[in-house]
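See below for the structure under consideration.
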Amino acid sequence: MIEREPKLIVWDLDDTFWRGTLTEGPVERVDAHVALVERLARRGVVSAIASKNDLDAARAELERMGVWELFVFPKIAWSPKGPLVRRIIEQARLRAVDVLFVDDIGAHREEVRLANEGIAVAPPEALAGVDPARWGKDDPALSRLSHYKILEAKEEEGAAFFSVPRDPVEFLRGAGIGVRIGGREACLAHFERVAELFERTNRLNFSKIRLPRQGLRALLSDARADVGAVWVRDRFGDYGLSGFYAVISGELAHFLFSCRVLDMGVEHFVFRHLEARHPGLRCRFAGDLGRDASFVTLSSEPPLPSPPGAAAGYRVAFKGACDLEIGASILSRYVETSQELQIPLPSGVSDVFSSHTEYLRQRGAPVPDDLAFIGPQTTQSRVLDADFDALVVGLSVDYWSGLYRRNATGQRIAAGWFFCDLFGEEAAREYPEFVAWEDASGPRGYLAAHRDRIRKDYTFEGGVSPARFEENLRWLCAQVPAGRSLVLVNVADAGDASCPHGARVNPLLRERYRQLNAVVDRVVSEEPAARLVDVRAIARPEDIQDMHTHLTRRCYVEIATELLALVLPARDAGLRASAAAQPPGG
201 MIEREPKLIV
211 WDLDDTFWRG
221 TLTEGPVERV
231 DAHVALVERL
241 ARRGVVSAIA
251 SKNDLDAARA
261 ELERMGVWEL
271 FVFPKIAWSP
281 KGPLVRRIIE
291 QARLRAVDVL
301 FVDDIGAHRE
311 EVRLANEGIA
321 VAPPEALAGV
331 DPARWGKDDP
341 ALSRLSHYKI
351 LEAKEEEGAA
361 FFSVPRDPVE
371 FLRGAGIGVR
381 IGGREACLAH
391 FERVAELFER
401 TNRLNFSKIR
411 LPRQGLRALL
421 SDARADVGAV
431 WVRDRFGDYG
441 LSGFYAVISG
451 ELAHFLFSCR
461 VLDMGVEHFV
471 FRHLEARHPG
481 LRCRFAGDLG
491 RDASFVTLSS
501 EPPLPSPPGA
511 AAGYRVAFKG
521 ACDLEIGASI
531 LSRYVETSQE
541 LQIPLPSGVS
551 DVFSSHTEYL
561 RQRGAPVPDD
571 LAFIGPQTTQ
581 SRVLDADFDA
591 LVVGLSVDYW
601 SGLYRRNATG
611 QRIAAGWFFC
621 DLFGEEAARE
631 YPEFVAWEDA
641 SGPRGYLAAH
651 RDRIRKDYTF
661 EGGVSPARFE
671 ENLRWLCAQV
681 PAGRSLVLVN
691 VADAGDASCP
701 HGARVNPLLR
711 ERYRQLNAVV
721 DRVVSEEPAA
731 RLVDVRAIAR
741 PEDIQDMHTH
751 LTRRCYVEIA
761 TELLALVLPA
771 RDAGLRASAA
781 AQPPGG
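Here is the structure:
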């Protein structure tokens, strides 16, 4: 059994990757192994070769099978495998503990294990139980394989360069190494990659801190922190986002780089850059970071994924209340957006109820034209008719609002709060301050003006039931075209809201919000198109404002961070797929 997830698999060939021994006659392709190498490459887990064979013959066989280009650092020679595998690990800039060696011969596995402390070894039959979907992360563009190919090309040229004694710095000067540094917005836009650096980087994590995602969100929303993401490229290729730093109160708190830029001098250059940016910079792990890196240049090329308006071809639609406004604003810099947020009413206030899932299901239905808290657009949402690649829906209104069913038609309207009929006599008696607070927040005097009409023609149902809420969400998922995504934004369910009658209301809010959050969790886990921005993981008790759905600005920035993390990778994958589909020269 393979207990550790590898970053790199080193394959033997004879009776391992293929059946048979190449020097003894024809070998037979093992389809399961070919498929595994292909699928793992699309999960960012790369394959190499360490085999005792003739290089030209083995390469010809792998090319015939159509997989030669999926391997990096092939070590095919009549040499001991322990040193061959050690050299592969060095070239890949990895640690032995990140590598799995597969060989059918136990003596070879033991030789490699003794020569590379910490490496995992296994016979080929152990791969039968491997599910590629459980290793790595989606990498449909094979970006990690491409990065290793760049290292491979650099190694080959370096070997030729150093075939005679030379100064290593001379090679680096000729490599044309350049870095680009982006600030907070770049880090937000590439949140997933920055988080991955914290999760995967060991050797070049100078601060030795593995910051969890929630901590990273807090760091990126901390105005006191100078944060930066570092992109690297040279004449061999583009290494992508390869580093991150954070300076807090004059101290370098986080400083980490991908091993793909090991020995390129990038960390030394960025450290010098930060010393100039922050005179007197304190750093507890500086070590020898002050080395000369004058061969690295700083590029002014903007590192953000797209300047405003340049993301044509990827569209995100928003439907919700004020909790989505900041997220929608930030995403509009990177993608095309259409927004239905806080629709104005003729009475001069905003219609916050129109994002209720009941109204989404009623789209196109007529609305009562004599209710001031319902506008002509309430049931006329166009968001599901939009040509979108991702739809973001804020669910907060479903959590707190009340529902009234029209006796004559069965049509439901959203108004007030789920825990009391604000148009009824009991509310005025039991929650007088709450009624006054609600009346002041809507169209002036709307409760009193509509009380008789609502009592006569409608029946109060409380809030949307969990069963009906789940039905509505699954209906919404079914409206999303194949290949598109639905991002749901839930509500925090801990802490106390600052509202009238809070001691009575808060337990009711927490219980209901937890019920509906459980529904959202179930739908997201079962519906392929659904994704979740989990506000529970973002909002602390002290962030809760009135009724749990209003939060501090820090939370809204983190919600925007999550939206960026979900939407931008999907956009980038979509644009890559679109580009790949273009005919040559198109």
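Counting in the numbering used here, the sequence shown runs from 201 upward without gaps. C-beta: ideal position from N, C-alpha, C; glycine also.
Asked, Found
"Taking C-beta to C-beta, are Phe455 and Val394 nearer than 8 Å?", "no"
"Of all the options Val724, Ser407, Leu208, which has the alpha carbon lying nearest to the alpha carbon of Ala241?", "Leu208"
"So, for Val432: in the same chain, excluding its five sequence neighbours on each side, which residues have a beta-carbon less than 6 Å away from its beta-carbon?", "Val379, Tyr439, Ser442, Val461, Val466"
"With a threshold of 16 other CB atoms inside 10 Å of the CB of Ser343, please say whether the residue is buried or exposed.", "exposed"
"Out of Phe217, Trp600, Ala627, which has the shortest C-alpha to C-alpha gap to Ala614?", "Trp600"
"Mind checking which residues open and close the alpha helix (DSSP H) that includes Arg417?", "413-420"
"Count the other C-beta atoms from every protein chain shown that fall within 10 angstroms of the C-beta of Gly306, then say buried if there are 16 or more, exposed otherwise.", "exposed"
"Can you name, in chain order, every residue of its own chain whose Cβ lies under 7 Å from the Cβ of Thr216, other than the five neighbours on each side?", "Val302, Asp303, Asp304, Pro324"
"So who's on the other strand from Glu540, going by DSSP bridges?", "Lys519"
"Just verifying my parser: in three-state terms, what is the DSSP assignment at Asn672?", "helix"
"Using a Cβ distance threshold of 8 Å, determine whether the region 237-251 contacts the region 270-287, with at least three qualifying pairs required.", "yes"
"Between Ala429 and His478, which are expected to be in contact by the criterion C-beta below 8 Å, what is the C-beta distance as a whole number of angstroms?", "Incorrect: roughly 17 Å between the Cβ atoms, too far for contact."
"Determine, using beta-carbon pairs with one atom in the region 518-530 and one in the region 407-416, whether at least three such pairs fall under 8 Å.", "no"
"Between the C-alpha atoms of Ala326 and Ala730, what's the straight-line distance to the nearest angstrom?", "34 Å"
"In whole angstroms, what separates the C-alpha of Arg674 from that of His750?", "26 Å"
"Out of Asp589, Asp523, Glu205, Val267, which one is the CA nearest neighbour of Ala682?", "Asp589"
"Give the DSSP-derived three-state secondary structure of Ala375 in the structure shown.", "coil"
"Output needed for Gln562: all residues of its chain with C-beta closer than 6 Å, excluding positions within five of it in sequence on either side, in chain order.", "Thr579"
"Compute the Euclidean distance between the alpha carbons of Ala628 and Arg714, then round it to the nearest angstrom.", "27 Å"
"What distance in whole Å lies between the Cβ atoms of Ser581 and Leu560, which are believed to be in contact at a cut-off of 8 Å?", "6 Å"
"Taking buried to mean at least 16 other C-beta atoms within 10 Å of its own C-beta, is Gly282 buried or exposed?", "buried"
"From Glu558 to Thr609, what distance separates their C-alpha atoms?", "14 Å"
"Quick check on this structure: which residue in Ala565, Leu584, Ile202, Thr537 has the alpha carbon closest to the alpha carbon of Ala678?", "Leu584"
"How long is the line joining the alpha carbons of Val427 and Glu742, rounded to whole angstroms?", "25 Å"
"Just the C-alpha distance for Glu758 and Val597, rounded to the nearest angstrom, thanks.", "20 Å"
"If I follow the unbroken alpha helix (DSSP H) through Tyr514, where does it start and stop?", "Note, Tyr514: premise wrong, no alpha helix (DSSP H); not H, not E."
"Within 10 angstroms of the Cβ of Asp256, are there 16 or more other Cβ atoms? Answer buried if so, exposed if not.", "exposed"
"According to DSSP, is Thr497 part of a helix, a strand, or is it coil?", "strand"
"Whose C-alpha, out of Thr221, Ala258, Val297, Ala328, is nearest the C-alpha of Leu795?", "The chain is shown only over 201 to 786; residue 795 falls outside these bounds and no answer can be derived."
"Which word fits Gly382, buried or exposed, when buried means at least 16 other C-beta atoms lie within 10 angstroms of its C-beta?", "buried"
"Expressed to the nearest angstrom, what Euclidean distance is found between the alpha-carbon atoms of Gly225 and Val210?", "23 Å"
"Assuming the contact rule is C-beta atoms closer than 8 Å, Asp339 and Gly244 should be a hit. Round their C-beta distance to whole Å, please.", "4 Å"
"When the Cα of Phe398 is compared with those of Ser458, Val285, Ala322, Leu213, which residue comes out closest?", "Ser458"
"Considering Phe455, what are the terminal residues of the beta strand (DSSP E) in which it resides?", "451-457"
"Would you kindly report the start and end of the unbroken beta strand (DSSP E) that includes Pro274?", "271-276"
"If we count the other Cβ atoms within 10 Å of its Cβ and call it buried at 16 or more, is Thr761 buried or exposed?", "buried"
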